[in-house]
């Protein structure tokens, strides 16, 4: 029987809904803890802070949409920087991203037990909140080692339920308790509570949701149709997030307004709970909103249980998205010889980067979680995220200048053509915003400044040493790792490629392939091709053809399920003769 060896790669199995759900699970979840973190700093200006961060978020989303379609590989801003600048800048962006993911995993997992404290009060305090968070991280690392589709499918339904619940809270809040006078007058003490320095610091803290955009980028290698799925999923996330960030803080500050305390100002949204009960809602701010929503009796009890369970579940998803992102960025870094190649090796059975998941998604994240200092974690996230996003914006600008005349499959807007260059206004605005936010954190927060700079210094030392003594290459030189070769496989049965199109013939071909695959417990790759006429761009919108192709793929997957065979669908585009 002829045999061949195959290249090890991440499987392309994720469509727009899966990408959206994974990102929104991270982005949308931030409201469950960022609301308390920001309110404790920005007080009555919290709604304005979220609006400003939402505008910068939109610009950053446009940058990531364009960059990820150009370079559909795991890496995000690191990949953009490699093509826009060089490998050294790429490493700095990747190392900052790694910090973001570690912090996101830790802070999301830490807040899971706080929302579950509706069932057991000790989960609100140390050490049980930390123990619970560590258990969450451990479970998710094991789940992701088993395989990406198991982890991604967990998100889709729950992300939709989460968004619907947040919208419902907003609608009920506007109907029952929203007070324009409280939000736009009584809560405001300009320049006093908060001070201007605190106000500007709150903006990068509110950007803690941005890791979701990096998550989509790092899943690009697993997107079924990157030019279509990635921009669409990012636009869905941006729209959903802005809708919540624009409205829910208004309800929260109506329910828990700013008040005087000990000669100053505070809101229960940003105050810590007391050990014996009572106090503030900094660790579970959305539950605080529900408690003060004007509900009573059984309705209030049911609402608290529902929101507590949902919030814990969504934070679980956010932790999962962070674990996925951390493993994928290390996979990409190892592929470009930025870190040891062992982090790129895939599990022989599950085809996942198991060592990256274990070390960065698990061990380091749990170590960061153990002190339980959420304010410090927020500051550190802002340090890494704002640096990474600033590099991403700068890279897109540089790419527009370097490759001004090349055809692009996707070009984000708005743009301004000057000197033969389509200058990306979104990247210019976003870059100025994120760079200013990074400087605010560096200047105002000594702990984040020194720990963040220490993280970068350590990374650069390790990178330089690895490049010089192991790779034997320059710091700015791009070096690809050799292709990983998996175990020999039987060509006829262990991996079967089947082209499909609408019609009975394709169904019969899939049926026959499934019978062969079932005998050897192997998998099938079903490929459907959308033919693009020569007069149209390759990424032209062809909804009818795409719908027919996806229908054929769905039919192939359904037939595979009948046989218990794993069928992986892939949508491709090609030119017609």
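Residue numbers (my numbering): 33 to 609. Cβ atoms here follow ideal geometry from the backbone N, Cα and C, with glycine treated the same way. All values reported here derive from a predicted model rather than from experimental measurement.
Asked	Found
Extent of the continuous beta strand (DSSP E) to which residue 558 belongs	555 to 564
Secondary structure of residue 301, DSSP reduced to three states	helix
Residue 397, buried or exposed, once every other Cβ within 10 Å from all chains shown has been counted against 16	buried
Sequence-distant residues of its chain with Cβ nearer than 6 Å to residue 603 (five each side left out)	256, 257, 560, 581
Length-filtered (4 minimum) alpha helix (DSSP H) runs lying within the region 132 to 185	160 to 178, 180 to 185
Distance CB(residue 64)-CB(residue 346) smaller than 8 Å	yes
CA-to-CA distance, residue 213 to residue 414, given in whole angstroms	32 Å
Euclidean distance between Cα positions of residue 339 and residue 56	17 Å
Between the CA atoms of residue 590 and residue 562 - distance to the nearest angstrom	21 Å
Close Cβ partners of residue 274 (< 8 Å) along its chain, the five nearest in sequence each way excluded	86, 89, 90
Extent of the continuous beta strand (DSSP E) run through residue 291	291 to 293
Distance between beta carbons of residue 331 and residue 280, contact taken as under 8 Å	With 8 Å as the limit, residue 280 and residue 331 do not qualify as a contact, their Cβ atoms being about 20 Å apart.
Beta-ladder partner(s) of residue 455, from DSSP	448
Same chain only: Cβ atoms within 8 Å of residue 480, ignoring 5 sequence neighbours per side	408, 411, 412, 414, 415, 473, 474
Validate contact between the region 115 to 128 and the region 417 to 433 using beta carbons, cut 8 Å, 3 pairs	yes
Sequence-distant residues of its chain with Cβ nearer than 7 Å to residue 404 (five each side left out)	142, 158, 161, 162
When 574, 558, 151, 557 are compared against residue 564, the one with the closest alpha-carbon	574
Proximity below 8 Å, CB of residue 245 to CB of residue 66	no
Where residue 604 falls: helix, strand or coil (DSSP)	strand
Between the CA atoms of residue 268 and residue 592 - distance to the nearest angstrom	30 Å
Residue 177 and residue 384 closer than 8 Å at C-beta	yes
Supposed close pair residue 544, residue 130 - CB separation, criterion 8 Å	Contact flag wrong, Cβ pair sits at about 46 Å.
Residue 68 beta carbon less than 8 Å from that of residue 302	yes
Three-state class that DSSP yields for residue 3 in the structure shown	Given a span of 33 to 609 for the chain in the structure shown, any question on residue 3 remains unanswerable.
Meets three-Cβ-pair contact criterion under 8 Å: the region 70 to 77 and the region 220 to 239	yes
Member of 532, 577, 567, 570 whose CA lies at the smallest distance from the CA of residue 556	532
Residue 235 and residue 81 closer than 8 Å at C-beta	yes
Cross-strand partners of residue 598 (DSSP beta bridge)	555
Touching by the beta-carbon criterion (3+ pairs, under 8 Å), the region 143 to 154 and the region 374 to 383	no
Pick from 490, 588, 435, 127 that is closest to residue 529, judged by C-alpha positions	588
Coarse secondary structure for residue 10, derived from DSSP in three states	Absent from the structure is residue 10, since the part of the chain shown begins at 33 and ends at 609.
Beta-carbon proximity of residue 190 to residue 349, cut-off 8 Å	yes
Option nearest residue 198 by Cα separation, candidates 321, 123, 547, 503	321
Burial state of residue 493, where buried means 16 or more other Cβ atoms lie within 10 Å	exposed
Three-state class that DSSP yields for residue 513 in the structure shown	coil
Under the three-state DSSP convention, the category residue 404 falls into	coil
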